[in-house]
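Numbering (the working numbering), first residue to last: 4 to 227.
Even glycine gets a Cβ: it sits at the ideal position worked out from N, Cα and C.
A short worksheet on the structure shown next.
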């Protein structure tokens, strides 16, 4: 899952990002409000960790912009402001949780996981299905025709993203942005390798092929 971390204290931001990446999350960092606006407008995120006191545009403006785009991603406010009025304002604008600095990193991770569990539990099912392919977003188990499919971390993330957009074409650029946080690198060859490996694990033994390449555009997973 992909997290947007909006925090202007560089050392703290890097520390949080490293911790979350160890928990197998993909993390993008925005160090000011303008960077946060860019990410919100151009990238899908599963959760946002948002400081209030930011350069260029404050956290209130970022939160408002996020909700105006129609995003329902959970938002964890992370700030030194512990006044009740500030908390109420955050919740009124669409925040889901509030953590006051200084905080224990273990509590941060616990709150992130709790918010993501709540977001998933609001859906009709914890399972994504395409034909006889099933992915459980809670346990991260994948099965094809009832048989377990063992995937590497990136393979799982790619499959999860494609299955959540069943029967839709996902561009290579969108996939690369969602899966990898590093910038200024051409991930095309790496992505092709992961797709090849996914096909070998998911489609090779089955007559019905689910993973499609849309030439010149990207990929889709479809039961049609």
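Limits of the unbroken beta strand (DSSP E) element including residue i
i           : result
residue 9   : 5 to 9
residue 133 : 130 to 133
residue 146 : 145 to 147
residue 215 : 214 to 217
residue 223 : 221 to 224
residue 103 : 100 to 103
Chain-order list of residues whose beta-carbon lies under 7 Å from that of residue i (same chain, five-residue window excluded)
i           : result
residue 152 : 145, 146, 204, 205
residue 90  : 101
residue 187 : Because the pLDDT at residue 187 is just 47, under 50, the model does not fix this residue reliably, and the point stays unresolved.
residue 24  : 30
Cβ pair residue i, residue j closer than 9 Å
i           : j           : result
residue 182 : residue 201 : no
residue 79  : residue 114 : yes
residue 14  : residue 57  : no
residue 39  : residue 7   : yes
residue 43  : residue 74  : yes
residue 93  : residue 131 : no
Three-state secondary structure (DSSP) of residue i
i           : result
residue 110 : helix
residue 159 : helix
residue 34  : coil
residue 228 : Since the first residue shown for the chain is 4 and the last is 227, residue 228 is missing from the structure and cannot be characterised.
residue 75  : coil
Cβ-based burial, residue i [other Cβ within 10 Å; buried from 16]
i           : result
residue 199 : exposed
residue 216 : exposed
residue 5   : buried
residue 209 : exposed
residue 26  : exposed
residue 166 : buried
Nonlocal neighbours in the same chain, by C-beta distance under 8 Å from residue i, ignoring five residues either side
i           : result
residue 126 : Bear in mind that the predicted position of residue 126 carries a pLDDT of just 49, short of 50, making it too unreliable to give a figure here.
Contacting residues, own chain, Cβ-Cβ under 6 Å from residue i (five flanking each side not counted)
i          : result
residue 22 : 108
Contact test: residue i Cβ vs the ligand ADP heavy atom, cutoff 8 Å
i          : result
residue 87 : Because no ligand of any kind appears in the structure shown, any question about the ligand ADP cannot be addressed here.
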